[in-house]
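Novice:
Protein chains: 2
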Amino acid sequence: MEFSSKLLENAVNEMAQLPGIGKRTALRLVLHLLRQPEYQTFQLSEALSNVRAEINFCKSCHNISDKEICEICENPNRDSTLICVVEDIRDVMAIESTGSFKGLYHVLGGKISPIDGIGPQDLNIDSLVEKVKSGLVKELIFAMSPTMEGDTTNFYIFRQIQGYNVTTSTIARGVAAGNELEYTDEITLGRSIIDRIPFETSLKS
Amino acid sequence: MEFSSKLLENAVNEMAQLPGIGKRTALRLVLHLLRQPEYQTFQLSEALSNVRAEINFCKSCHNISDKEICEICENPNRDSTLICVVEDIRDVMAIESTGSFKGLYHVLGGKISPIDGIGPQDLNIDSLVEKVKSGLVKELIFAMSPTMEGDTTNFYIFRQIQGYNVTTSTIARGVAAGNELEYTDEITLGRSIIDRIPFETSLKS
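Here's what the structure looks like:
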């Protein structure tokens, strides 16, 4: 790609470093900004550098927060003995939007993935183990994505906290609401039969 | 979408104003930046505000340029009597990369599109007509996309310069190199028969 302007080339190259954005898309986006009023670009530019420079992570759960301790952790109405272990902040947002969980979270910041060079020491696992050791946690809910890396991470944490007085559970895997049985994959359908629940229980939710 | 941080929410909202980028993608991109070293975000942020603040358009052809007159326009080896009329700078880049064109360009900055509220006065048409009136231009090549808006724009310009001593042409429409005839649409295939060229001519390129 030959650019007639160094400034443009520079902006496109920086934009193209974002995941899923190639050079062509980056060029389209930058040209779009050039057609918009100047303030739009300046607002975007400032918002990005502000969030990067001033971002804070909650000291307790490692969720993104503008304060030392996030709103969820400091909410006295939430059950601090129940901790949901998730991969990243998007999972917190997804679970929060269900309105079904009243405990706290613990954001690991990734999952164990030797292929990507991510080991347990790169994740917020130590602070989770410390929480469990403190004896104030009654139950850990593992809510990692049902992938090999997710399972590995769950199992690693499970081994670390063995011997401590804490219940562990994992979110249910099964047929999604509204899905047709015949289009559900075998592993999920198989698990949903093994993990079947009493019919009366299903009526309650 | 509920955010645990105003800074994050702000960055995501600004990012989501870019075309083709929804809130979810914007969140993914911003979280990616937060995981990268700080300098990457600052470089992106600076490159964007720099390009927006300091961008120049060539006084002659309206291509994006860091100088008053772009490199193509000031190149003495190019034929200044031959002008290729294009919609935007991406078309200049596409034609330049073919290496088949040795004339100059004229970037309109869009196409006439009443639905989007874009009329002739919003495009760089007056300066093109002035160039033709000066008598220094021998041929205009219309290289707009073969859409209704492109055709309208071509025809509008054609009417403006009627009576002046200039040849006009439009880029050939036909079957693309490597395409199977049976998968080519009827309009294109029909045109390619009407616009057939002597076989000997086809051997030369």
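Quick mapping for you: the protein sequence lines, in order, are chains A and S. Using our numbering, the first residue of the first sequence is number 1, and each one after it goes up by one. Using our numbering, the first residue of the second sequence is number 1, and each one after it goes up by one. Backbone N, C-alpha and C fix where the C-beta goes; we use that ideal spot for every residue, glycine too.
Going by DSSP in three states, E68/S sits in which element: helix, strand or coil?
Specialist: Note: E68/S maps to coil in three-state DSSP.
Novice: Within 10 angstroms of its Cβ, does L181/S collect 16 or more other Cβ (buried), or is it exposed?
Specialist: Burial call: exposed.
Novice: Work out the CA separation of T184/A and F158/A for me, nearest whole Å.
Specialist: So the two alpha carbons sit approximately 29 Å from each other.
Novice: Considering only C-alpha positions, which residue in the set I194/S, L140/S, T41/S, V129/S is nearest to S51/A?
Specialist: Here the sequence assigns Val to residue 51/A, which means Ser is not the residue at that position. For V51/A, the nearest C-alpha among the options comes from T41/S.
Novice: Measure the Cβ-Cβ separation of E206/S and K59/S and say whether it is below 7 Å.
Specialist: In the structure as shown, chain S begins at 1 and stops at 205. Residue 206/S is therefore absent and cannot be evaluated.
Novice: What alpha helix (DSSP H) runs, 4 residues minimum, are completely inside the segment 112 to 169 of chain A?
Specialist: You should have 126 to 133, 148 to 160.
Novice: Beta carbons nearer than 9 Å to chain A: which residues of the segment 13 to 42 of chain S have them?
Specialist: Those would be N13, E14, M15, Q17, L18, P19, G20, I21, R24, T25, L27, R28, L29, V30, L31, H32, L33, L34, R35, Q36, E38, Q40, T41, F42, in chain order.
Novice: How is the alpha helix (DSSP H) around Y39/A delimited, first residue to last?
Specialist: Note, Y39/A: alpha helix (DSSP H), 38 to 54.
Novice: Can you list, in chain order, the residues of its chain with a C-beta nearer than 8 Å to that of V129/A? Leave out the 5 residues immediately preceding and following it.
Specialist: Excluding positions up to five away in sequence, the list reads I157, Q160, I161.
Novice: Could you have a look at I263/S and say whether DSSP puts it in helix, strand or coil?
Specialist: Outside the modelled stretch of chain S, which goes from 1 to 205, sits residue 263/S, for which no answer is possible.
Novice: For E96/A, go through chain S and note every residue whose CB falls closer than 7 Å to its CB, in chain order.
Specialist: Going along chain S in sequence order, the residues near E96/A (Cβ under 7 Å) are E2.
Novice: I'd like to know whether the C-beta of C70/A is nearer than 7 Å to at least one C-beta of chain S.
Specialist: Judged by the 7 Å Cβ criterion, C70/A is in contact with chain S.
Novice: Kindly indicate if chain A contains any beta-carbon less than 7 Å away from that of L8/S.
Specialist: By this cut-off, L8/S is an interface position.
Novice: Do T153/A and K111/A have their C-beta atoms closer together than 7 Å?
Specialist: The answer is yes: Cβ separation under 7 Å.
Novice: Hey, L108/S and L123/S: beta-carbon distance below 7 Å or not?
Specialist: The answer is yes: Cβ separation under 7 Å.
Novice: Ignore the nearest five residues each way along the sequence and tell me which others in E149/S's own chain have a CB closer than 7 Å to its CB.
Specialist: Closer than 7 Å at Cβ, skipping near neighbours: K111, I112, S113.
Novice: Check each candidate in L104/A, E200/A, S5/A and name the one with the smallest Cα separation from P76/A.
Specialist: When only C-alpha atoms are compared, the closest one is L104/A.
Novice: Output needed for T188/S: all residues of its chain with C-beta closer than 7 Å, excluding positions within five of it in sequence on either side, in chain order.
Specialist: So the list reads R173, G174, V175, once near-sequence residues are dropped.
Novice: If contact is defined by three or more beta carbon pairs under 8 Å, each pair taking one atom from either stretch, is the segment 8 to 20 of chain S in contact with the segment 30 to 49 of chain A?
Specialist: Yes, the segment 30 to 49 of chain A touches the segment 8 to 20 of chain S.
Novice: Kindly say whether L44/S, judged by its beta-carbon, lies nearer than 7 Å to any beta-carbon of chain A.
Specialist: Taking Cβ atoms only, chain A reaches closer than 7 Å to L44/S, which makes this a yes.
Novice: Starting from the beta carbon of D66/A, find every residue of chain S whose beta carbon is closer than 9 Å, and list them in chain order.
Specialist: Per Cβ cutoff of 9 Å: S4, S5, K6, L7, L8.
Novice: Can you tell me which residues form a DSSP beta bridge with L34/A?
Specialist: Per DSSP, none; premise fails for L34/A.
Novice: Identify which residue in L136/S, S4/S, P19/S, T98/S has its Cα closest to the Cα of V166/S.
Specialist: The shortest Cα separation from V166/S among L136/S, S4/S, P19/S, T98/S belongs to L136/S.
Novice: With a 10 Å radius around its C-beta and 16 neighbouring C-beta atoms as the bar for buried, classify L203/A as buried or exposed.
Specialist: Exposed: under 16 other Cβ atoms inside 10 Å.
Novice: On the DSSP bridge list, what partners appear for G103/A?
Specialist: Looking at the DSSP assignment, G103/A forms a beta bridge with D79/A.
Novice: Would S5/A be called buried (16 or more neighbouring beta carbons within 10 Å of its own) or exposed?
Specialist: That one is buried.
Novice: Hey, could you find the ends of the alpha helix (DSSP H) R90/A is sitting in?
Specialist: 89 to 98 is the extent of the alpha helix (DSSP H) around R90/A.
Novice: Identify whether F3/S lies in helix, strand or coil by the three-state DSSP scheme.
Specialist: DSSP places F3/S in coil when its eight states are reduced to three.
Novice: Roughly how many angstroms separate the alpha carbons of T98/A and V86/A, rounded to a whole number?
Specialist: Near 15 Å, if we compare the C-alpha coordinates of V86/A and T98/A.
Novice: Output the distance between the C-alpha atoms of I21/A and L18/S, rounded to the nearest integer angstrom.
Specialist: About 12 Å.
Novice: Might you give, ordered along the chain, the residues of its own chain that have their beta carbon closer than 8 Å to the beta carbon of I89/A, omitting 5 neighbours on each side?
Specialist: Closer than 8 Å at the Cβ level, and outside the excluded window around I89/A, lie N63, I64, V107.
Novice: Could you tell me the alpha carbon to alpha carbon distance between V132/A and R78/A, rounded to whole angstroms?
Specialist: If you take the alpha carbons of V132/A and R78/A, they lie about 17 Å apart.
Novice: Note down, in chain order, every chain S residue with its Cβ under 7 Å from the Cβ of S49/A.
Specialist: Residues of chain S passing the Cβ test: T41, F42, S45.
Novice: Could you tell me which chain D residues have their CB closer than 9 Å to the CB of M93/A, listed as they occur along the chain?
Specialist: The structure shown contains no chain D; its protein chains are A and S.
Novice: Could you name the residues of the same chain whose beta carbon sits closer than 7 Å to that of R191/A, not counting the 5 residues immediately before and after it, in chain order?
Specialist: Here the set comprises R173, G174.
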